[in-house]
Structures are given as C-alpha cells and as structure tokens.
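Following: one structure in structure tokens, then a few remarks.
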C-alpha cells in the first residue's frame, strides 16, 4: 500500500471512531452535542490520532489494547484547544479548516461549553474504554492530562498570548511556546500509542523524544506556511502572524534558517523513530510528510 | 467537637491540599499558575471537597486511600466551571465570593485558559495521586468525567443558558438544569469520597442518590437566596435571576413552595445518608446546614 492510501485508511478509522465515541446530537443537550460534533467533524489532518494508531502498530504482534479510543481522546483535546483558541478573547478567528469556527457557526457561549465538554469527554473516553485494564487507563489519563495541562499545552498558549502583547520575544521564549503549545500533544500521541501497544518504558520514552522533535518541526513549518501560503490553500487565515507582529521562527531566524531548523528537527525525529522495533516505515513517512506539507 | 469546628477542620485540610496540589505560581507560565491559584484561593464554602472527605470518613475503619487529592480535584472542576460561567459571553459577572472574578482581576483570555487548566489539572491530580491503586484512579476519573461532562454539568449549563434566552422554561426543564448543573457534582463528590473509603458498590450508589437530592435542595436554596438576600451577604450579585427574567424554583413555584421542595429534597438526602454505615452525624449536619444557609 502506498503512503497516501495507508494514511487514508487510518484517517477513516479515526473518523469512524469519532462518530462512535461522541454523544449523539439527538441526546440532550442537543445544541451542545451538535456543537461538539460540528467541531470534531471539521476534518483536518487528524495528525495526532493517526500518530497514536501508528505508534501502536510498531508493537502490533501483541497490542495491549485497541488504540482507537486513545486516538479519539487525543483529537478531542486537540479540537477543544482550537475551539477555545479561535474565540474572540483569544485569536478571534472566524475560519478553521475552511469552515466557520464554532463561535461563528453557533455563538461564543456554546463554543466555550463545547470546548469544555470535549476536554472532559477525552477523559471519559479513556476511563471508560480502558476500564478492563485500569493500569493502562490511569497511565493514559496521566499522559494526556500532563500534555494538555498548565505546564505544557495551556502554559504554551498563555505564553504565546503574552508574546503577542509584548513584542520582542527571544528565541528561548519562542522555543518554550512551540515545545509546549505544539510538541506536547504530539509527544503524548506517540507515547499513548506506544502504551496501547504494550511498549516497554524505554520505547515510550523514545517515542516521546521523537515526538518532541517532530512537534517542533511541525510548528516551524506552520510558521513558514503562515508566511508563505495563501488563505485558500491553508483553509485558515494566512499571514496572521506577520499582521499581528508575532514572533515566529521566520521572523526571528529568517525563512532559510527556519526551513533548516525544521529539517534538522524532523531528521532527528525520523532517525529516532527508525530505531524503534517493528515496521517503522509508515511512521517515518508520516513524519516526513509533515515537514513537506503545503497546508 | 461541635459542627462548626468539625467543618472548619475539614475546610482547613482542603485549603492545605489545594496549596500543595496546585502548581506554584513561580513556575512558568507564572501568569497562568497565578490565575489558577487566585481562582482556587477565593475561598467559598468548599462544600464539594468537604463532602468528599465526609463520605470517606464513613468507611474510616479501613479507608482505601487518602481522599484529599480527590477532594481537591473536585474543587478544581467546580472552580473552573465558575470561572468560565462568569465570563462575559456567559453570565458576565464581575463579583464572586466577594472578590473580582478572574477575567476582571486578569483578563478574559487568562481566565479562559486558567479554567481550562484547572479542569485538566483535576485529572492530573487523580491519575497522579492514586497511581498506586490504578483501579481506584480509573474509577475516580470516570466518576468525575461523567459528572463534569456534556450529559451532566456542561449539558446543564448549556440548557440553563438557552432557558435564559427563551422565556417560559417548564418545571421539567428547570429540574433537568438543576439536576445536571448542580446535583451532578455533589453526587460525584459523595461517590468519590465513598470510593476512596473503599465503600461497596451499593453504598456508592446510595451516596450518589443522596447527593442527587442534596444537590437539588442546594440549588433551590440558591434560587431562594438570589431572590431574598442582598449582594453584601451573598458575596456575589444578588437579584440576578429576576433581573434576567430567568426561570427559577421561586419564579415557577413561588417562594413557599420552593422552600417546601428544598426541605423535602434535603430530608430525603439526610434520611438516605443516615442509612449508611459509620458515624453519619457530620455528613447529616452538613446536609442540614446547606438548606438552612443564608449565603
């Protein structure tokens, strides 16, 4: 199977998992459940959940548990963070994945609550779907809560916001933001996939280390695309960073250096992944595709 | 020990637990951690965490685990829900527990993120503090995620918001809102305390059933106080419901009937609690104090 087909089959599995594991929109509060589904069904690359599945596959001769619920939980957290990030008091963005953002399609309060509910639901999925293996359930909850918490994802978003308000962010600050706002959830995706696969602790650590490099590369590419691509290609507003006077790898280091750093990080990630057991071909190709993407 | 002293000793234990289990404000992002602590240290009755401790005490001859982390986790979720509920796009309230609300003391974006971080941290506390008993950890996560999720707490808040926009809420709608917006977390507090105490499944169910009645009584008393007390006594804006034209037990049933329904629910809760094993005196007195409170 070529990479595109292999990717598509995993994306389809994730989409089906999302549909199965989210409350039906017919159930009260139907407005809330409708908004949760609207946000989750907006498409997107499904990068993080596919990373969960792909990391689990490395250990597939004896997977410990089905990684799909963990993949959906990760996507719930990622989507909630986008919904809240798009709110008027944050980035105030009206377009996401080519569609109106949740607070535009519904309203601010509904988007706020749908985000809250998606975050909470991620933990309900983990505790519910892995109740037969409570040690795994507890470790997945710990992994996700840590990555999404105040020391990582939310801390990165807070510092990102402060950096927009106070110009002159240093390269160190920018690295802190990228490592926490973006890399944390990519690390957690790989580590959670490994845990579902029954990976030994050393492999979980190796997955996390590769995720860190991959996450950094991914966010630098995001900076590059914001500076070079157009809104129609991106499916979200392009040129936002420069307009906001926001420090990015492009503004701090220049386009060529940003491309080089992204390449170095992604090479480090891929080299790390290739040292893992099992067939690492798909995972390495996926990492490669993230740095070469055009949207 | 009289009730007031017994209550105060448990509240002090909760305050110490909060201080110990929240990230220090000195740790980056310090603005975010400062806002989390500001919101959590605003005081309040600490009702829910004290219910966790009190329910655990019923089984104290052989407690399964220290209930304090579970108590703090519950308070994190309760506080996050208040922080988000106070935001301009929701209730737009500037006063809470006699102090400026988080988005007034900081700003909207910081309050949003601090709420997100508190919700996430609740699950980090549960998975971290009970890692030695992963079956307990997973059951506490499931209990809290269910109570705080789209079918209960957030669903109740969504319907509450819709009821404010569309006048003419039925008694059934109002009951749905109260049972989910308020009772769900009180049920979960008692059930989680019971689980930490090692309660058998039937006792956990009995705790949850009493929590349901207690939560209903508590919210009806809230409605009554909003209609009858003043802002200085409440420590939050009084008379909001009538001003907003919001359906409450007072507006739908009248003051006398609202008082009677609150009394009936609280009697049912107390009778249920008294049937539990152990010394139920403190828990019953606590339930009693909630219906007789003046703020």
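Protein chains in written order, with our numbering: chain L, 1 to 295; chain P, 296 to 590. Glycine included, each C-beta is placed from N, C-alpha and C at the ideal position. Here the structure is a predicted model, which is why all the values come from computation and not from measurement.
Which class does residue i belong to by DSSP, given the choice of helix, strand or coil?
{"i": "residue 53/L", "result": "helix"}
{"i": "residue 572/P", "result": "coil"}
{"i": "residue 212/L", "result": "helix"}
{"i": "residue 390/P", "result": "strand"}
{"i": "residue 343/P", "result": "helix"}
{"i": "residue 90/L", "result": "coil"}
{"i": "residue 555/P", "result": "helix"}
{"i": "residue 43/L", "result": "coil"}
{"i": "residue 37/L", "result": "helix"}
{"i": "residue 84/L", "result": "helix"}
{"i": "residue 226/L", "result": "helix"}
{"i": "residue 577/P", "result": "helix"}
{"i": "residue 168/L", "result": "coil"}
{"i": "residue 246/L", "result": "coil"}
{"i": "residue 59/L", "result": "coil"}
Alpha helix (DSSP H) containing residue i: first to last residue?
{"i": "residue 240/L", "result": "240-243"}
{"i": "residue 471/P", "result": "466-472"}
{"i": "residue 126/L", "result": "108-129"}
{"i": "residue 28/L", "result": "Neither: residue 28/L is in no alpha helix (DSSP H) and is coded neither H nor E."}
{"i": "residue 195/L", "result": "184-197"}
{"i": "residue 298/P", "result": "298-316"}
{"i": "residue 460/P", "result": "448-460"}
{"i": "residue 361/P", "result": "No alpha helix (DSSP H) contains residue 361/P, which DSSP labels as neither H nor E."}
{"i": "residue 443/P", "result": "429-443"}
{"i": "residue 252/L", "result": "249-253"}
{"i": "residue 103/L", "result": "102-105"}
Among the options, which one has its Cα closest to the Cα of residue i?
{"i": "residue 97/L", "options": "249/L, 46/L, 124/L, 140/L", "result": "46/L"}
{"i": "residue 213/L", "options": "272/L, 252/L, 141/L, 167/L", "result": "272/L"}
{"i": "residue 18/L", "options": "59/L, 291/L, 174/L, 122/L", "result": "122/L"}
{"i": "residue 349/P", "options": "306/P, 396/P, 400/P", "result": "306/P"}
{"i": "residue 333/P", "options": "346/P, 542/P, 352/P, 310/P", "result": "310/P"}
{"i": "residue 110/L", "options": "50/L, 148/L, 87/L", "result": "87/L"}
{"i": "residue 553/P", "options": "569/P, 572/P, 511/P", "result": "511/P"}
{"i": "residue 446/P", "options": "287/L, 130/L, 33/L, 288/L", "result": "33/L"}
{"i": "residue 425/P", "options": "363/P, 476/P, 448/P", "result": "363/P"}
{"i": "residue 589/P", "options": "579/P, 547/P, 559/P, 513/P", "result": "513/P"}
{"i": "residue 148/L", "options": "172/L, 168/L, 194/L, 181/L", "result": "181/L"}
{"i": "residue 90/L", "options": "210/L, 74/L, 78/L, 164/L", "result": "164/L"}
{"i": "residue 483/P", "options": "345/P, 308/P, 456/P, 301/P", "result": "345/P"}
{"i": "residue 369/P", "options": "485/P, 495/P, 427/P", "result": "485/P"}
{"i": "residue 140/L", "options": "95/L, 239/L, 72/L", "result": "72/L"}
{"i": "residue 353/P", "options": "299/P, 403/P, 493/P", "result": "493/P"}
{"i": "residue 358/P", "options": "544/P, 506/P, 488/P", "result": "488/P"}
{"i": "residue 266/L", "options": "255/L, 253/L, 283/L, 279/L", "result": "283/L"}
{"i": "residue 478/P", "options": "400/P, 326/P, 432/P, 373/P", "result": "373/P"}
{"i": "residue 338/P", "options": "472/P, 376/P, 394/P, 431/P", "result": "394/P"}
Run the CB neighbour count on residue i, radius 10 Å, all protein chains shown included, and call it buried at 16 or more, exposed below.
{"i": "residue 587/P", "result": "exposed"}
{"i": "residue 523/P", "result": "exposed"}
{"i": "residue 8/L", "result": "exposed"}
{"i": "residue 84/L", "result": "buried"}
{"i": "residue 461/P", "result": "exposed"}
{"i": "residue 517/P", "result": "buried"}
{"i": "residue 521/P", "result": "buried"}
{"i": "residue 429/P", "result": "buried"}
{"i": "residue 398/P", "result": "buried"}
{"i": "residue 143/L", "result": "buried"}
{"i": "residue 27/L", "result": "exposed"}
{"i": "residue 490/P", "result": "buried"}
{"i": "residue 315/P", "result": "exposed"}
{"i": "residue 116/L", "result": "buried"}
{"i": "residue 387/P", "result": "exposed"}
{"i": "residue 171/L", "result": "exposed"}
{"i": "residue 260/L", "result": "exposed"}
{"i": "residue 160/L", "result": "buried"}
{"i": "residue 242/L", "result": "exposed"}
{"i": "residue 318/P", "result": "buried"}
At a cut-off of 7 angstroms, is residue i close to the ligand HEM when judged by its beta-carbon and the heavy atoms of the ligand?
{"i": "residue 461/P", "result": "This structure does not include the ligand HEM; it has no bound ligands of any sort."}
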